[in-house]
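Enquirer: Numbering (our numbering), first residue to last: 79 to 324.
Structure incoming, see below.
In structure tokens, the structure reads:
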């Protein structure tokens, strides 16, 4: 039943001018047009300012992709949060009373206009996250990445989920809870990148690592177009600490 409703949702999205990967492969959101290498069977939806890949098995996001620019972030800074989840989606309803947040992979705070913000409030862009992670270190990491986009003009950002057995689930349909969430960042102007990897727990711990080490640990390659030398050269990503309020 859920799979049928997800297909209906995709047809609705097409009516709003959103394209499925089979038609437009979202190449401009991936470094050199190459999407992450991952073992999951996925479906990818191309939105205005990001691409979301989701699974009918986990009923959530596997990864989302952005080409994040300084101009986009500067536009987003002047916007209020706009958009809400559609409770007609059974997967969205599965989060009710679960104790978990509907954790964005591509954050609405990256979006430069209201149309793009609305497009982040969808089940294909979220996973169950603990409130402690979602409102704490994960939020601070998103803030760090936006600051990096301002500093370096352009970033490629891949954000995703990582699962380990035994997998816990929420809701009637059994939405999978990720063991961890991650955010990989590549800076074209420096030819360097790195990955944040955060355990999805009530006492979340976040690590910063090279792309190569992340691939070794997870089997996921967020930037397959990069050389091994670049993957092994870890960029010193900012620590996930609370941003100062000016």
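All C-beta atoms in this analysis are idealised placements derived from N, C-alpha and C, irrespective of residue type, glycine included.
All values reported here derive from a predicted model rather than from experimental measurement.
Thinking residue 300 and residue 222 are a contact (beta carbons under 8 Å), I'd like their distance in whole angstroms, please.
Expert: Not quite, the Cβ-Cβ distance comes to about 17 Å (not below 8 Å), so this is no contact.
Enquirer: Report buried or exposed for residue 182, applying the criterion of at least 16 other Cβ atoms within 10 angstroms of its Cβ.
Expert: Counting Cβ neighbours within 10 Å, residue 182 comes out buried, since at least 16 surround it.
Enquirer: Along the chain, where does the alpha helix (DSSP H) containing residue 296 start, and where does it finish?
Expert: Segment 289-296, the alpha helix (DSSP H) holding residue 296.
Enquirer: Which same chain residues, not among the five before or five after residue 119, have their C-beta less than 8 Å away from its C-beta?
Expert: Answer for residue 119: 133, 134 and 135, listed in chain order.
Enquirer: Need the endpoints of the beta strand (DSSP E) that residue 203 sits in, please.
Expert: It is not in any beta strand (DSSP E) - residue 203 carries neither H nor E in the DSSP assignment.
Enquirer: If residue 233 sits next to residue 264, beta carbons under 8 Å apart, how far is it from one beta carbon to the other, in whole angstroms?
Expert: With a Cβ gap of about 7 Å, residue 233 and residue 264 count as contacting.
Enquirer: Under the assumption that residue 150 contacts residue 188 (Cβ atoms under 8 Å), give the Cβ distance between them as a whole number of angstroms.
Expert: Right, the Cβ-Cβ distance comes to about 7 Å (below 8 Å), so this counts as a contact.
Enquirer: Assuming residue 114 and residue 302 are in contact, meaning their beta carbons sit under 8 Å apart, how far apart are those beta carbons, in whole angstroms?
Expert: Indeed they touch by this definition, with Cβ atoms about 7 Å apart.
Enquirer: Enumerate, from N- to C-terminal direction, the unbroken beta strand (DSSP E) stretches of 3 or more residues contained entirely within the segment 137-172.
Expert: List check, beta strand (DSSP E) in window: 138-147.
Enquirer: Quick one: residues in its chain with C-beta nearer than 8 Å to the C-beta of residue 267, no 5 flanking neighbours on either side, listed in chain order?
Expert: Excluding residues within five positions, the ones whose Cβ falls inside 8 Å are 230, 231 and 232.
Enquirer: Since residue 275 sits in a beta bridge, which residues does DSSP pair it with?
Expert: Bridge partners of residue 275: 260 and 285.
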